[in-house]
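K.L.:
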Amino acid sequence: MKRITLFVFALFLTIFSISAQTEQGNILLGGTIGGYSVNAGIGNNKEIQSGFSIIPRIGFFVADNAAIGLGIGYSTDKTKDGTNPAIISNTFEVNPFGRYYVGLGDKFKFFGELGVNVGFGSSKVDVSGFEPFRSRTIGVNLSPGFVFFPSEKIGIELTITGISYSNIDPDTDEDDGTISIFNIGATKNRANGFLNPQLGIYFYF
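For the sequence shown, our numbering begins at 4 and goes up steadily by one.
As structure tokens, then:
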């Protein structure tokens with residue numbers, strides 16, 4: 004009987020410690036890092052794309068399992084299509100977000116995240132004499148993710164692209180209109196791949 008009681012007590016402590024990580028008043032601190040590379044096609048139809056992004060973030064649990072926060076990050080992309088010169092883009096991004104977590108056991112949780120992305124940057128054609136041009140992006144995305152807790156204070160996340168909408172002004176110096184993009188399970192660059200997985204590490208305290 005004592006063994007059963009101790010087992011139940013230990014199980015309760017384990018579940019409580021995992022649940023306590025996402026309880027009201029706690030802080031979420033960490034970020035995501037992602038990258039991609041593709042080399043598709045042959046000959047003059049060859050398409051090469053690559054990119055990297057890093058976004059440090061902080062969040063506050065305003066209720067049990069519910070957090071709001073802000074991320075500020077940087078991304079760089081390079082695209083070369085056929086024999087055309089490469090286009091290199093650098094973007095600084097501001098990302099307010101909200102999350103809700105659902106427990107999946109002792110060490111796993113599922114979460115849904117609603118985020119707003121505001122990006123300002125510049126792009127340039129990789130040819131001597133071409134001046135960089137400024138760009139602006141505003142977007143909204145709804146993405147699912149999973150977090151694994153190897154310890155009480157650390158969460159390792161895998162987030163995938165869900166539904167997103169972006170409005171892009173490729174050249175703010177010219178009145179040439181904007182581009183609107185709606186995606187399900189894809190990203191602004193085809194090279195990023197379906198679902199565009201991103202890895203993140205967060206501290207909970």
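The beta carbon of each residue, even a glycine, is placed where N, CA and C say it ideally should be.
Determine the burial state of residue 40: buried for a count of at least 16 other Cβ atoms within 10 Å of its Cβ, exposed for fewer.
P.N.:
That one is exposed.
K.L.:
Out of 65, 92 and 48, point me to the one whose CA is closest to residue 31's CA.
P.N.:
Out of 65, 92 and 48, 65 has the C-alpha closest to the C-alpha of residue 31.
K.L.:
Output needed for residue 161: all residues of its chain with C-beta closer than 7 Å, excluding positions within five of it in sequence on either side, in chain order.
P.N.:
Cβ within range, chain order: 148, 149, 200 and 202.
K.L.:
For residue 28, which option in 36, 180, 136 and 62 has the closest C-alpha, if you only look at C-alpha atoms?
P.N.:
Considering only alpha carbons, the answer is 62.
K.L.:
DSSP three-state call for residue 144: helix, strand or coil?
P.N.:
Strand, per DSSP.
K.L.:
Would you mind stating whether residue 92 and residue 126 have Cβ atoms separated by less than 7 Å?
P.N.:
In contact: residue 92 and residue 126 (Cβ atoms closer than 7 Å).
K.L.:
So the candidates are 110, 134 and 145; which of them puts its Cα closest to the Cα of residue 153?
P.N.:
Checked all of 110, 134 and 145; the closest Cα to residue 153 is 110.
K.L.:
Return the chain-ordered list of same chain residues with a C-beta closer than 6 Å to the C-beta of residue 217, the five sequence neighbours on each side being excluded.
P.N.:
The structure shown has nothing for residue 217, since the chain only spans 4 to 208.
K.L.:
Could I get the ranges of all uninterrupted beta strand (DSSP E) runs contained in the region 71 to 127, with 3 residues as the minimum, in chain order?
P.N.:
Taking only runs of at least 3 residues, the beta strand (DSSP E) segments lying wholly in the region 71 to 127 are 90 to 106.
K.L.:
Please classify residue 205 as buried or exposed, where buried requires at least 16 neighbouring CB atoms within 10 angstroms.
P.N.:
Answer is buried; the Cβ neighbour count reaches 16.
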